[in-house]
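> My questions will all concern the structure given below.
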Amino acid sequence: MALGLAAGALVMGCAEPPLPPAMPPPRSEAASHQIVGTRAEGTPRELAERGERALLQLKWRDAVDAYEALVAGEPTAKEMPLWLASLGAAYEGLGDLKKAREVYRSLVSRFPTDPQVRGAEVREASLDAYLEDWKALGELGERLLAKPGADDVDRMLGFGARALRKVQEKDDVGALRDTNEGLEIMDAKHYGAAGRLPVPAAQLRFALAEVRRTKSEKIALLPVGDDFLVKMEMRCQGLLDAQSAYADAIRSSDPIWAKMSGVRVGEMYRTLHAELMTIPPDRAKTASDKNLFYAIMHVRYRVLVEKGMEMMTRTIDFAKKTEDESGWVTRAREARDQMMRSLEEEKAILATLPYTEAEVERSLEMMRERALLRAQGKPVPPLKPKP
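What follows is the structure, encoded as structure tokens:
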């Protein structure tokens, strides 16, 4: 199933925290004046070198201290955009995502024409999504699309950002329109065609997955009618289509999109299983019939819980590589633990019933065989009574 692709890509898609911007040669100092910060001090050159070295060594706290001192002590320095970009990367590495986003926004507003702005806007988009600040993400998208001289990367990032806000506003039509606009640019430019996906491409694939997921989950399975099998097939196909797009987003160069996609895939399986388990045994007339219905439903659809648990576990393991304990990771851990408890309770109940799981599996196989014969227009043999 497509889960294998998604799960495999999740493992292969491991990425380090955002790389620091390339540093120019240190400028010569006219005077070797000292900057005394709250947690670091030295000349501007010393602090810049210390901050760069700390970033490369993933010593995030030291990098934050050095760049905070520089930003406060040299407010008019020509290197300020680069220092802000580096400070944002350091805060991301430290796990303070809101502070990182604040720094990136400061860079964009203070130096709108600087080359560092592109990277800051990309980081802001990822952080808006990860913090689930969909309103801010949509506003960023609007600004990017309205930017004079916006290039293809700006437009892809803008369409994806605006689409994700529209998904949250339940505007599936508008979200899909924006997503397709961005994907057309992406395909025409072969953007991200090889290797890991840049953030604008990963965001668009994630947006496509979100649209597919929400449309699929609008197909209600209750009340059960003659069209149940048709609805179930549509629901499952929607799940697989969404999962395919999430699997693409998992190939992102930014681990944020991989983690979000992993959680979403796990949640889809969990949601479908939960809805199926609410189907009442309307045709069961006796306690024995109800027990059999319970056994068949839980054994038949247990695979959904198992796939959901597997995806959550892979996401949690992936997040450990960057020591991420954000809300998405907490959600994955809580969902996995709940599914594990649910599975244990289900197995305990099944153990009290007067038939084994092997017998239930055989009953399911017989049901599938008889359904296939009916579909082929062949005679269905009568069930043999129990001896």
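Each step along the sequence shown adds one to the number in the working numbering, with nothing skipped, and position 359 is 352. Cβ atoms here follow ideal geometry from the backbone N, Cα and C, with glycine treated the same way.
1) To the nearest angstrom, report how far apart Arg288 and Ser246 are at their CA atoms.
2) Assess contact between the stretch 118 to 125 and the stretch 87 to 99, defined as three or more Cβ pairs (one per stretch) separated by less than 8 Å. Is contact present?
3) Do Asp55 and Ala62 have their CB atoms nearer than 7 Å?
4) Please look up how many angstroms separate the CB atoms of Leu77 and Val64, rounded, as I've assumed it's under 8 Å.
5) Name the one or two DSSP bridge partners that Leu190 has.
6) Which value, in whole angstroms, describes the spacing of the CA atoms of Leu40 and Trp53?
7) How many Å lie between Gly153 and Tyr262 at the Cα?
8) Could you name the residues that DSSP lists as bridge partners for Tyr28?
9) What are the boundary residues of the alpha helix (DSSP H) that Ala82 is part of?
10) Quick check: Leu130 and Arg148, are their CB atoms within less than 7 Å of each other?
11) Quick check: Leu80 and Tyr97, are their CB atoms within less than 7 Å of each other?
12) Output needed for Thr207: all residues of its chain with C-beta closer than 8 Å, excluding positions within five of it in sequence on either side, in chain order.
13) Counting C-beta neighbours from all protein chains within 10 Å, is the total for Met73 16 or more, i.e. buried, or is it exposed?
14) Can we say the stretch 220 to 240 touches the stretch 176 to 196, given the rule of at least three CB pairs closer than 8 Å?
15) For Gln109, is the classification buried or exposed, using 16 other Cβ atoms within 10 angstroms of its Cβ as the cut-off for buried?
16) Looking at C-alpha atoms only, which residue of Asp317, Glu327, Gln331 is the closest neighbour of Tyr84?
17) Within 8 Å, do at least three Cβ pairs link the stretch 303 to 318 to the stretch 270 to 284?
18) Indicate the three-state DSSP secondary structure (helix, strand or coil) for Lys92 in the structure shown.
19) Run through DSSP, which three-state label would Ser319 get?
20) Mind checking Thr308: buried by the 16 CB within 10 Å criterion, or exposed?
21) Counting beta carbon pairs with one atom in the stretch 198 to 213 and one in the stretch 224 to 233, are three or more of them shorter than 8 Å?
22) Tell me, please, whether the stretch 284 to 298 touches the stretch 339 to 351 by the rule of three or more beta-carbon pairs shorter than 8 Å.
23) Assuming His266 and Gly320 are in contact, meaning their beta carbons sit under 8 Å apart, how far apart are those beta carbons, in whole angstroms?
24) Quick one: using the 10 Å Cβ neighbour count with 16 as the cut-off for buried, is Ile342 buried or exposed?
25) If you measure between the beta carbons of Val256 and Arg324, is that distance less than 7 Å?
26) In chain order, what residues of the same chain have a beta carbon less than 8 Å from the beta carbon of Lys224, not counting five sequence neighbours either side?
27) Hey, Leu269 and Val298: beta-carbon distance below 7 Å or not?
28) Which same chain residues, not among the five before or five after Arg381, have their C-beta less than 7 Å away from its C-beta?
29) For the candidate residues Lys128, Leu124, Gly175, whose alpha-carbon lies nearest to that of Gly151?
30) Between the C-alpha atoms of Gly185 and Ala251, what's the straight-line distance to the nearest angstrom?
31) Taking 6 Å as the limit between beta carbons, can you name the residues of its chain near Gly66, skipping five residues before and five after?
32) Output the distance between the C-alpha atoms of Glu352 and Val322, rounded to the nearest integer angstrom.
33) With DSSP as the reference, label Leu269 as helix, strand or coil.
34) Enumerate in chain order the residues of its own chain whose CB-to-CB distance from Ser21 is below 6 Å, with the five nearest sequence positions on each side excluded.
35) List, from N- to C-terminal side, the alpha helix (DSSP H) runs of 4 residues or more that fit wholly inside the stretch 324 to 355.
With the structure as the only source:
1) As a first step, residue 288 must be located in the sequence shown, where it is residue number 295. As a first step, residue 246 must be located in the sequence shown, where it is residue number 253. The amino acid at residue 288 is misidentified as Arg; the sequence shows Ala. Looking at the two C-alpha atoms, the distance is approximately 44 Å.
2) A contact exists between the stretch 118 to 125 and the stretch 87 to 99.
3) In the sequence shown, residue 55 corresponds to position 62, counting from 1. In the sequence shown, residue 62 corresponds to position 69, counting from 1. No, the Cβ-Cβ distance between Asp55 and Ala62 is not below 7 Å.
4) Reading the sequence shown from its first residue, position 84 is the one you call residue 77. Reading the sequence shown from its first residue, position 71 is the one you call residue 64. Going by Cβ atoms, the distance from Leu77 to Val64 rounds to 7 Å, so yes, they are a contact pair.
5) Sequence index remark: in the sequence shown, residue 190 carries index 197 (1-based). DSSP output for Leu190 lists Ser245 as bridge partner(s).
6) Along the sequence shown, one-based indexing puts residue 40 at 47. Along the sequence shown, one-based indexing puts residue 53 at 60. Here the C-alpha atom of Leu40 lies approximately 14 Å from the C-alpha atom of Trp53.
7) Mapped onto the sequence shown, residue 153 falls at position 160. Mapped onto the sequence shown, residue 262 falls at position 269. Gly153 and Tyr262: Cα-Cα distance of roughly 25 Å.
8) Start at 1 with the first residue of the sequence shown, and residue 28 comes out as number 35. Correcting the residue identity first, residue 28 is Ile in this sequence and not Tyr. Residue pairing by DSSP places Ile28 opposite Gly35 in a beta bridge.
9) Numbered from its first residue, the sequence shown carries residue 82 at position 89. Residues 73 to 87.
10) The sequence position of residue 130 within the sequence shown is 137, counting from 1. The sequence position of residue 148 within the sequence shown is 155, counting from 1. Taking 7 Å as the Cβ cut-off, Leu130 and Arg148 do not qualify as a contacting pair.
11) Taking the first residue of the sequence shown as 1, we reach residue 80 at position 87. Taking the first residue of the sequence shown as 1, we reach residue 97 at position 104. Not closer than 7 Å, so no.
12) As a working note, residue 207 is residue 214 in the sequence shown. Taken in chain order, the residues that qualify are Val160, Lys163, Asp165.
13) Position 80 of the sequence shown, counted from the start, is the residue given in the question as residue 73. In the assembly as shown, Met73 is a buried residue. Its beta-carbon has 16 or more other beta-carbons within 10 Å.
14) Counting Cβ pairs under 8 Å, fewer than three are found: no touch.
15) For the purposes of this step, residue 109 is taken as residue 116 along the sequence shown, with counting starting at 1. It is buried - the Cβ of Gln109 has at least 16 other Cβ atoms within 10 Å.
16) As a first step, residue 84 must be located in the sequence shown, where it is residue number 91. Closest by alpha carbon: Asp317.
17) Counting Cβ pairs under 8 Å, fewer than three are found: no touch.
18) For the purposes of this step, residue 92 is identified with residue 99 of the sequence shown, where counting begins at 1. Note: Lys92 maps to helix in three-state DSSP.
19) Indexing the sequence shown from 1 puts residue 319 at position 326. Coil, per DSSP.
20) On the sequence shown, position 315 is the one that residue 308 refers to. Buried, since its Cβ has 16 or more Cβ neighbours within 10 Å.
21) yes
22) yes
23) To locate residue 266, count along the sequence shown from 1; it is residue 273. To locate residue 320, count along the sequence shown from 1; it is residue 327. Wrong, their Cβ atoms sit about 23 Å apart, outside the cutoff.
24) Counting from one through the sequence shown, the residue named residue 342 turns up at place 349. Counting Cβ neighbours within 10 Å, Ile342 comes out exposed, since fewer than 16 surround it.
25) Position 263 of the sequence shown, counted from the first residue, corresponds to residue 256. Position 331 of the sequence shown, counted from the first residue, corresponds to residue 324. Cβ atoms of Val256 and Arg324: closer than 7 Å.
26) If you number the sequence shown from 1, residue 224 lands on position 231. Cβ-Cβ distances below 8 Å link Lys224 to Ile212, Ala213, Leu214 in the same chain, with the five nearest sequence neighbours on each side left out; the list follows chain order.
27) Position 276 of the sequence shown, counted from the first residue, corresponds to residue 269. Position 305 of the sequence shown, counted from the first residue, corresponds to residue 298. No.
28) The requested residue 381 does not occur in the structure, where the chain is confined to residues -6 to 380.
29) In the sequence shown, the residue the question calls residue 151 occupies position 158. Closest option to Gly151, Cα to Cα, is Gly175.
30) Taking the first residue of the sequence shown as 1, we reach residue 185 at position 192. Taking the first residue of the sequence shown as 1, we reach residue 251 at position 258. Taking C-alpha positions only, Gly185 is separated from Ala251 by approximately 15 Å.
31) As a first step, residue 66 must be located in the sequence shown, where it is residue number 73. So the qualifying residues of the chain are Ile28.
32) Here residue 352 refers to the residue found at position 359 when the sequence shown is read from its first residue. Here residue 322 refers to the residue found at position 329 when the sequence shown is read from its first residue. If I take the Cα positions, the gap works out to 38 Å.
33) Residue 269 sits at position 276 when you count from the first residue of the sequence shown. Correct three-state label for Leu269: helix.
34) The residue you call residue 21 lines up with position 28 of the sequence shown. Residue placement at Ser21 is flagged as unreliable, the pLDDT there being 39, under the threshold of 50; the coordinate-derived value follows with that caveat. Within the same chain, Ser21 has no close Cβ partners at all.
35) Counting only runs of 4 or more, we get nothing.
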